[in-house]
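Student:
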Amino acid sequence: MKSIAIIGAGVSGLYAASELHQKRYDVTVFEARDRVGGRILTKEGFDLGPTWYWPDTEKTISELVDTLGLESFLQHTTGEMVLERQTTTAPERHVLPEESIVRSKRVVGGMTSLVEALYAKLPDDIVRLGHRLTSIDRQSDRVQLTFQNGSVYHTDDVILAIPPRLVAEVAIEPALSAQTRKALKTTPTWMASQAKALIVYETPFWREEGLSGFGMSWVGPLQEIHDASLKDGPGALFGFFRLSPGEREALGEGQVKTRVIEQLEKLYGPKANDFLRFHYMDWSTESETATSDDFLPLTAFPAYGPIELGDRLHLIGSETDAQFGGHIEGALRSANRIVQGLV
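So that you can map any letter, position 282 of the sequence shown is 282 in the UniProt record's numbering, and since no number is skipped, the others follow by simple counting.
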């Protein structure tokens, strides 16, 4: 039986593992973190990583949500949006044309529910946490993996379910071609330069005032804001940052939070200061996600697609899907592509 090692227990790695295990392959998953999920991270049901999927166009994740028996609900979009053009002027209210709103859904319990359902399909001993890969040695009859904790593992094939830029930091023998190394290093990790602020309220008070929760700002600190309320729970707003990783680091988490609340008060009124909890996740500070190449914000959507490593090495992940790169759909599709090639 062919043995396959998967590096990374994010959604693409776990999905590949569950598919291969179901086909009776000898699979082992190694994860650098002390948890599964990768860039999917949920606290109290609120997503601090990816939040949505789009059921009208994203069939893989839609079918998987149904197959796993997970409950989903539509993203709230009813009401006016707010626009902040300048710090010195009042925010504007606008009604978005109905045709401009693309229907998206969220998973009850957060996207971690998807991860946990995939994880539950695997035997307990398949996933090994706390294993950061440092080197790959492609020998004549096997592939040797060495980890930072000193562990060594031998396998027939390796699926790398980590961002391309992290693969570029792994010592690989025989060495990858200069063209392949360049492709890995120049492929931006989706959202790696970003942070997410999520503020929990007793109720989604903005809805009572005719607002959808959606907001845009040209002056920051948050650039884009959405309603993050749970289906049958407290209200919440979350936002992506206009501030760069360097600017967030210079301010410090405390000052970042202060400025976010001040901005929300301006956009949504004084009730925005009456929050229950403030969750903050800066993905640029996580070494399992970002490298120094990711510190500059993206100025355009990257040209994602497959990167062929060759000789028993296979790369999957959201950044390797040409059609849905940056989405969970892309991560799942990339895993399907490699799994089908192996079996």
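Glycine included, C-beta positions come from ideal geometry on N, C-alpha and C. These numbers were taken from a predicted model, which means no experiment stands behind them.
Does the pairing of the stretch 27 to 37 with the stretch 2 to 16 give three or more beta-carbon distances under 8 Å?
Tutor: They touch, by the three-pair rule.
Student: For K23, is the classification buried or exposed, using 16 other Cβ atoms within 10 angstroms of its Cβ as the cut-off for buried?
Tutor: Counting from 1 along the sequence shown, the entry for residue 23 is found at position 23. Per the 10 Å Cβ criterion, exposed.
Student: Buried or exposed for E319, going by 16 or more other Cβ atoms inside 10 Å?
Tutor: Sequence index remark: in the sequence shown, residue 319 carries index 319 (1-based). Buried: at least 16 other Cβ atoms inside 10 Å.
Student: For the stretch 116 to 144, which segments carrying the beta strand (DSSP E) assignment without a break, of at least 3 residues, lie completely within its bounds, in sequence order?
Tutor: Here the runs fully enclosed are 133 to 138.
Student: Of the residues G38, L264 and L309, which one's Cα is nearest the Cα of W206?
Tutor: The residue labelled residue 206 in the question sits at position 206 within the sequence shown. When only C-alpha atoms are compared, the closest one is L264.
Student: Tell me whether the beta-carbon of A195 lies closer than 9 Å to the beta-carbon of P164.
Tutor: Here residue 195 refers to the residue found at position 195 of the sequence shown. Here residue 164 refers to the residue found at position 164 of the sequence shown. The answer is no: Cβ separation not under 9 Å.
Student: Report back the beta-carbon spacing between Y201 and L267 to the nearest angstrom; my notes put them in contact at under 8 Å.
Tutor: Locating residue 201 in the sequence shown gives position 201, counting from the first residue. Locating residue 267 in the sequence shown gives position 267, counting from the first residue. Going by Cβ atoms, the distance from Y201 to L267 rounds to 14 Å, so no, they are not a contact pair.
Student: Could you tell me which residues DSSP puts in a beta bridge with S217?
Tutor: Taking the sequence shown and counting its residues from 1, the one referred to as residue 217 is at position 217. E84, per the DSSP bridge assignment.
Student: Could you check which residue in L298, L20, V256 and L237 has the C-alpha nearest to that of P204?
Tutor: On the sequence shown, position 204 is the one that residue 204 refers to. That would be L237, whose Cα lies nearest to the Cα of P204.
Student: At what residue ranges does the stretch 52 to 109 contain a whole run of the beta strand (DSSP E), taking only runs of 3 or more?
Tutor: Counting whole runs of 3 or more residues, the stretch 52 to 109 contains the beta strand (DSSP E) stretches 72 to 74, 80 to 84, 92 to 94 and 105 to 107.
Student: Between which two residues does the alpha helix (DSSP H) holding Y15 run?
Tutor: Here the question's residue 15 lines up with position 15 in the sequence shown. That run of the alpha helix (DSSP H) goes V11 to Q22.
Student: Helix, strand or coil: which one does DSSP assign to L276?
Tutor: Position 276 of the sequence shown holds residue 276. Correct three-state label for L276: coil.
Student: I need the straight-line Cα distance from D274 to G252, nearest angstrom please.
Tutor: Here residue 274 corresponds to residue number 274 of the sequence shown, with the count starting at 1. Here residue 252 corresponds to residue number 252 of the sequence shown, with the count starting at 1. Approximately 22 Å, taken between the alpha carbons.
Student: On a Cα-Cα basis, can you pick out the residue from T155, L309 and R93 that is closest to A175?
Tutor: Against the sequence shown, residue 175 aligns to sequence position 175. Closest option to A175, Cα to Cα, is L309.
Student: Could you check what DSSP says for G254 in three-state terms: helix, strand or coil?
Tutor: In the sequence shown, residue 254 corresponds to position 254, counting from 1. In this structure, G254 counts as helix in the three-state DSSP scheme.
Student: Can you find the residues in the same chain that come closer than 7 Å, C-beta to C-beta, to A161, ignoring five residues on each side of it along the sequence?
Tutor: In the sequence shown, the residue the question calls residue 161 occupies position 161. Hits under 7 Å: I6, I7, G8, G10, S12, G13, A16, I316 and G317.
Student: Quick check: the stretch 321 to 333 against the stretch 211 to 221, are at least 3 beta-carbon pairs closer than 8 Å?
Tutor: They do not touch, by the three-pair rule.
Student: If you draw a straight line from the C-alpha of A322 to the C-alpha of E80, how long is it?
Tutor: Translated into positions along the sequence shown, residue 322 becomes position 322. Translated into positions along the sequence shown, residue 80 becomes position 80. Cα to Cα, the separation comes out at about 34 Å.
Student: With a threshold of 9 Å between beta carbons, is T134 in contact with chain D?
Tutor: The question asks about chain D, but that chain is absent: this structure has only one protein chain.
Student: May I ask you to list the residues that DSSP assigns as paired with F46?
Tutor: Residue mapping note: residue 46 aligns to position 46 of the sequence shown, counting from 1. According to DSSP, which records beta bridges pairwise, F46 is partnered with K43.
Student: Do I172 and H314 have their C-beta atoms closer together than 9 Å?
Tutor: For the purposes of this step, residue 172 is identified with residue 172 of the sequence shown, where counting begins at 1. For the purposes of this step, residue 314 is identified with residue 314 of the sequence shown, where counting begins at 1. Not closer than 9 Å, so no.
Student: Going by other Cβ atoms of all chains shown within 10 Å of its Cβ, with 16 needed for buried, is S140 buried or exposed?
Tutor: Stepping through the sequence shown from its first residue, residue 140 is reached at position 140. Exposed, by the Cβ-count rule.
Student: Return yes when the Cβ of S135 is within less than 9 Å of the Cβ of T42, no when it is not.
Tutor: Working through the sequence shown from its first residue, we reach residue 42 at position 42. Working through the sequence shown from its first residue, we reach residue 135 at position 135. Cβ atoms of T42 and S135: not closer than 9 Å.
Student: Does DSSP classify V152 as helix, strand or coil?
Tutor: Translated into the one-based positions of the sequence shown, residue 152 becomes position 152. The answer is strand: DSSP assigns V152 an E or B state.
Student: What residue from D56, P50, P245 and W52 has the CA that sits closest to L291's CA?
Tutor: On the sequence shown, residue 291 is found 291 positions in, with the first residue counted as 1. The sequence shown places Thr at residue 291, rather than the Leu named in the question. Checking every option, the nearest Cα to that of T291 belongs to P245.
Student: Measure the Cβ-Cβ separation of L48 and H279 and say whether it is below 9 Å.
Tutor: As a first step, residue 48 is located in the sequence shown; it is residue number 48 there, counting from the start. As a first step, residue 279 is located in the sequence shown; it is residue number 279 there, counting from the start. Yes, the pair counts as a contact, with Cβ atoms nearer than the cut-off.
Student: For L198, which of L83, F295 and L230 has the nearest alpha-carbon?
Tutor: Locating residue 198 in the sequence shown gives position 198, where the first residue counts as 1. Per the Cα distances, L230.
Student: Pop quiz: R138 and R259 are said to be a contact at Cβ under 8 Å. What is the actual Cβ separation, rounded to whole angstroms?
Tutor: Here residue 138 corresponds to residue number 138 of the sequence shown, with the count starting at 1. Here residue 259 corresponds to residue number 259 of the sequence shown, with the count starting at 1. That belief does not hold up - the Cβ atoms of R138 and R259 are roughly 49 Å apart, past 8 Å.
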